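K.L.:
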Amino acid sequence: GQQLNQSPQSMFIQEGEDVSMNCTSSSIFNTWLWYKQDPGEGPVLLIALYKAGELTSNGRLTAQFGITRKDSFLNISASIPSDVGIYFCAGVMNRDDKIIFGKGTRLHILP
Amino acid sequence: GAVVSQHPSRVICKSGTSVKIECRSLDFQATTMFWYRQFPKKSLMLMATSNEGSKATYEQGVEKDKFLINHASLTLSTLTVTSAHPEDSSFYICSAEGLAVRSYNEQFFGPGTRLTVL
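Protein chains in written order, with the numbering used here: chain A, 1 to 111; chain B, 112 to 229.
#1: Can you list, in chain order, the residues of the region 191 to 210 of chain B whose Cβ is nearer than 7 Å to any Cβ on chain A?
#2: Taking C-beta to C-beta, are A48(A) and L33(A) nearer than 8 Å?
#3: By the criterion of Cβ-Cβ separation under 7 Å, what are the contact partners of P222(B) in chain A?
#4: What do you get for S194(B), buried or exposed, if any count of 16 or more other CB atoms within 10 angstroms of its CB means buried?
#5: Is the region 72 to 83 of chain A close to the region 122 to 130 of chain B, with three or more CB pairs under 8 Å?
#6: Of all the residues that make up the region 46 to 63 of chain A, which are near chain B by a beta-carbon distance shorter than 8 Å?
#7: List, in order along the chain, the chain B residues whose C-beta lies closer than 8 Å to that of R95(A)?
#8: Under 8 Å between beta-carbons, which chain A residues line up against C154(B)? List them in chain order, please.
#9: What first and last residue would you give for the beta strand (DSSP E) that runs through E217(B)?
#10: From the beta carbon of V92(A), is the nearest beta carbon of chain B less than 8 Å away?
#11: Hey, which unbroken runs of the beta strand (DSSP E) at 3 residues or more fall wholly within the region 25 to 89 of chain A?
#12: Please classify F101(A) as buried or exposed, where buried requires at least 16 neighbouring CB atoms within 10 angstroms.
#13: Shorter than 8 Å from the beta carbon of N30(A) to some beta carbon of chain B?
#14: Can you tell me whether H108(A) is buried or exposed? The criterion is at least 16 other CB atoms within 10 Å of its CB, across all chains shown.
#15: Mind checking who G91(A) pairs with in its DSSP beta bridge?
#16: Report all residues from its chain with a CB closer than 8 Å to the CB of A52(A); omit the five preceding and five following residues, and keep chain order.
#17: I need the straight-line Cα distance from Y203(B) to S184(B), nearest angstrom please.
#18: With H, G and I counted as helix, E and B as strand and the rest as coil, what does DSSP make of E230(B)?
#19: Using only CA atoms, which one of T168(B), N216(B), H196(B), E208(B) lies nearest to V92(A)?
#20: Give the DSSP bridge partners of Q117(B), in chain order.
#21: For S10(A), which residues of its own chain have a beta-carbon under 6 Å away from its beta-carbon, when the five flanking residues on both sides are left out?
#22: Going by Cα to Cα distance, which pick from G16(A), D18(A), Y35(A), P39(A) is closest to D72(A)?
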């Protein structure tokens, strides 16, 4: 079945550092999504990407829809303590298809 | 914005009892809701798709008699964990499908329910 490989699994960074994470698949997706899950909460949509090559920002977050439609990247600039959490990538093939989630990247910020 | 609530947020029960978790879409109607399970430090695992007015569709390996799903109205789906055992302890998250947005159907997640079975 469709699978998303998300990396890294976890990251330990210093406050103020930039963060990069990515998601790859052997399948093509027509929509890429990035969610964040705060500890003890449900995921919240951060960015949706609809077109190959698209680059979209949401504050300090920037995500890109890969040209091949098989990958996506999320960057966080100048990390702050509230960025801690799990970041999930997700892909959708067609509108009525299920959203397929990656395994998540756990972001930890060192004091 | 679209809000999804879950109740209870935490529940502790004895082994062998049944626990019902409610998922409500507060300001929109959802014909489709999803139930996920998340183990500590693990990813979201889709358990089943809940369809209003019809039977739920379960993912492979999920026992439908163990995890009963009822989507009684356009704003409410319930998950009942029957005869709960310690291995059922987990974080259960629901999501409700909203309107189609360009190329996908938005999903709005609830805040989750932490189930602990003693």
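Positions of the beta carbon are idealized from the N, C-alpha and C atoms, including for glycine.
Since the model is a prediction, treat every value here as computed from it, not as a measurement.
P.N.:
Taking the geometry as given:
#1: I204
#2: yes
#3: Those within 7 Å of P222(B) in chain A are E41, G42.
#4: exposed
#5: Between the region 72 to 83 of chain A and the region 122 to 130 of chain B, the count of Cβ pairs shorter than 8 Å is below three; the stretches do not touch.
#6: Taking 8 Å as the cut-off between beta carbons, the residues of the region 46 to 63 of chain A near chain B are A48, Y50, in sequence order.
#7: Correct list: A211, S214, Y215, N216.
#8: Strictly speaking, residue 154(B) in this sequence is Ser, with Cys absent from that position. The answer, in chain order, is F88, F101, G102, K103, G104.
#9: Per DSSP, E217(B) is one residue of the beta strand (DSSP E) stretching across 215 to 220.
#10: yes
#11: 31 to 37, 43 to 49, 55 to 58, 61 to 65, 71 to 76
#12: Per the 10 Å Cβ criterion, buried.
#13: yes
#14: Under this definition H108(A) is an exposed residue.
#15: W32(A), I100(A)
#16: Here the set comprises F65, G66, I67, T68, R69.
#17: Taking the straight line joining both Cα atoms gives about 20 Å.
#18: Here chain B has residues from 112 to 229 only, and residue 230(B) is not among them.
#19: Out of T168(B), N216(B), H196(B), E208(B), N216(B) has the C-alpha closest to the C-alpha of V92(A).
#20: C134(B)
#21: R106
#22: Checking the sequence shown, residue 72(A) turns out to be Ser, not Asp. Here the closest residue by C-alpha is Y35(A).
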